[in-house]
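Below you'll find the structure, written out as structure tokens, and then a few comments.
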Amino acid sequence: MSAAELRRVFSAFPSGVTAVAALIDGVPVGLAASSFTSVSLEPPLVSICIAKTSNTWRALRLAERLGVSVLAAHQEHLGRQLGARGGDRFAGATWRTTRNGEILLDGACAWLDCSIDSEIPAGDHDIVLLRVHALDADRGVPPLVFHQSTFSRLHRAA
2 MSAAELRRVF
12 SAFPSGVTAV
22 AALIDGVPVG
32 LAASSFTSVS
42 LEPPLVSICI
52 AKTSNTWRAL
62 RLAERLGVSV
72 LAAHQEHLGR
82 QLGARGGDRF
92 AGATWRTTRN
102 GEILLDGACA
112 WLDCSIDSEI
122 PAGDHDIVLL
132 RVHALDADRG
142 VPPLVFHQST
152 FSRLHRAA
């Protein structure tokens, strides 16, 4: 099976979109990850999958802490910017940093303060387990959804 066929079928499963970001040498560095999922309650763990070719991840993995922001429906532009290979990924974004250096995006529907617990090689990606140190959510803000290779919004069933 081809990579294109895998992408087509994998894209049938909708997912949220997260921004994983931190200050590296005083500069904001971040990427978009739609492979985010909860893993464990005890200890509190989540995971993301990162391409082994990601230069951004090479920089981010050196951070003491990583901010994970679950993008809101109105933040599609940030999903595109953070997923782009070039340009200013934080243009037009408002964000805050914590004392540990992670970046949390304003307006996101959820935020997690994480550190890297472990990395597991998995084909052309690495599964990164992140230990959660703090988190919060705004249940009144709908999430951004990635489905069939495009951004979408949730619609409540009648």
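Start counting the sequence shown at 2; every next residue gets the next number (my numbering).
Yeah, the Cβ is synthetic: ideal placement off N, Cα and C, and Gly gets one too.
Is the beta carbon of L46 closer than 8 Å to that of R132?
Locating residue 132 in the sequence shown gives position 131, where the first residue counts as 1. Locating residue 46 in the sequence shown gives position 45, where the first residue counts as 1. Taking 8 Å as the Cβ cut-off, R132 and L46 qualify as a contacting pair.
Decide if T19 is buried, meaning its Cβ has at least 16 other Cβ atoms within 10 Å, or exposed.
One-based indexing of the sequence shown puts residue 19 at position 18. Buried is the call here.
Among I51, A64 and L106, which residue has its Cα nearest to the Cα of H75?
The count along the sequence shown starts at 1 and reaches residue 75 at position 74. The shortest Cα separation from H75 among I51, A64 and L106 belongs to L106.
Do T99 and D114 have their C-beta atoms within less than 8 Å of each other?
Start at 1 with the first residue of the sequence shown, and residue 99 comes out as number 98. Start at 1 with the first residue of the sequence shown, and residue 114 comes out as number 113. For T99 and D114, yes; Cβs fall inside 8 Å.
Rounded to whole angstroms, what is the Cα-Cα separation between R62 and R90?
On the sequence shown, residue 62 is found 61 positions in, with the first residue counted as 1. On the sequence shown, residue 90 is found 89 positions in, with the first residue counted as 1. If I take the Cα positions, the gap works out to 17 Å.
Determine the direct distance from the alpha carbon of G17 to that of S116, and round the result to whole angstroms.
On the sequence shown, residue 116 is found 115 positions in, with the first residue counted as 1. On the sequence shown, residue 17 is found 16 positions in, with the first residue counted as 1. The alpha-carbon atoms of S116 and G17 are separated by roughly 20 Å.
Quickly, what does DSSP pair E77 with across the bridge? List them, please.
Here residue 77 refers to the residue found at position 76 of the sequence shown. Bridge partners of E77: none, in fact.
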